[in-house]
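Residue numbers (this note's numbering): 1 to 87. The beta carbon of each residue, even a glycine, is placed where N, CA and C say it ideally should be.
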């Protein structure tokens, strides 16, 4: 499955895709002060809540207009999802 992340100034929107089909999406507030671990736990919580496992995610694409969060998200994804994100 593919996890697509759109990091905006107000919200961060996540979409979980299987092939061309959007399976689920969720949105959280953008917060420049959250840590790698806070975002990681939120990812896991939301992915599981949607009925999926983190291990099902085999690709991640990120679109971001908040450069301050690019490094945080890269570290979060490497640590908690074990996938190299593409920007």
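Annotation: the continuous beta strand (DSSP E) that includes residue 13 extends over 11–18. Under the three-state reduction of DSSP output, residue 6 falls in the strand class. Per the C-alpha coordinates, the member of 10, 75 and 56 positioned closest to residue 17 is 56. The segment 65–75 and the segment 44–55 do not touch, with fewer than 3 CB-CB distances between them shorter than 8 Å. Secondary structure of residue 57 (DSSP, three-state): coil. Here residue 26 is bridged, per DSSP, to 14. Across the structure, residue 62 and residue 87 are spaced so that their CA atoms are roughly 5 Å apart. For residue 44, the enclosing alpha helix (DSSP H) has its first and last residue at 36–49.
Residues 54 and 80 of the same chain have their beta carbon placed closer than 8 Å to that of residue 44, with the five preceding and five following residues left out of the count.
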